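*Asks:* Residue numbers (the working numbering): 90 to 274. This is the structure I have questions about; it appears just below.
As structure tokens, this is what we get:
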């Protein structure tokens, strides 16, 4: 059997109520049932999300919080998430296609601006929170079931990634502090 198309849904540590409400029904609308879901729902909506996937007979693993996120990123074909800077850095670092739904109440609407950069580079699709519904999201996911589109988007995300960022920050700090780095970090 073919490997299932894996969708990782991240709503941040608190979960994202809107993503939690829309995603199960949206995935049920997609006729290709060869999909598996990993959904970080947060504590508040955990039971409701788990029950909804079960009721819809969708292959889903639901978590309050995902500890081993790197394993889930590596296994995912597509990520649906909010667009905080940390999440986007991780998505780009590992090079995955994503559908981003910015949190509309973020300070200075920074999540929208973060997502817009990835969208403009062809590294992600952006769906604004108020436009997030089953129709828009299922169409976006269906469009990415085409592996060439998915692969292209993932490669563009990877091009934006800075996996060596921590090392560069440390080197710059040492440089600013005028400390000679005598070891290879």
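Glycine included, every Cβ here is placed at the ideal spot set by N, Cα and C. Note that the structure is a prediction, hence the values are computed from the model and not measured.
Where does residue 172 sit, in a helix, a strand or coil, going by DSSP?
*Replies:* Coil, per DSSP.
*Asks:* Rounded to whole angstroms, what is the Cα-Cα separation between residue 123 and residue 109?
*Replies:* Roughly 21 Å separates the two Cα atoms.
*Asks:* Would you check if the distance between the CB atom of residue 155 and the CB atom of residue 129 is smaller than 8 Å?
*Replies:* Yes, Cβ-Cβ distance for residue 155 and residue 129 is below 8 Å.
*Asks:* Got a sec? Which residues, its chain only, sit under 7 Å from residue 135 by beta carbon, not counting five neighbours each side?
*Replies:* Within the same chain, residue 135 has close Cβ partners 151, 153.
*Asks:* If you run the structure through DSSP and keep just helix, strand and coil, what is residue 145?
*Replies:* Of the three classes helix, strand and coil, the one that applies to residue 145 here is coil, per DSSP.
*Asks:* State the start and end residues of the unbroken alpha helix (DSSP H) segment that holds residue 164.
*Replies:* From DSSP, the alpha helix (DSSP H) with residue 164 extends over 158 to 164.
*Asks:* Would residue 159 be called buried (16 or more neighbouring beta carbons within 10 Å of its own) or exposed?
*Replies:* The residue in question, residue 159, is exposed, as its Cβ has fewer than 16 Cβ neighbours within 10 Å.
*Asks:* What does the alpha-carbon distance come out to for the pair residue 239 and residue 267?
*Replies:* For residue 239 and residue 267, the distance between alpha carbons rounds to 44 Å.
*Asks:* Return helix, strand or coil for residue 120, following the three-state DSSP convention.
*Replies:* Looking at residue 120 - three-state DSSP - the assignment turns out to be coil, as it is neither helix nor strand.
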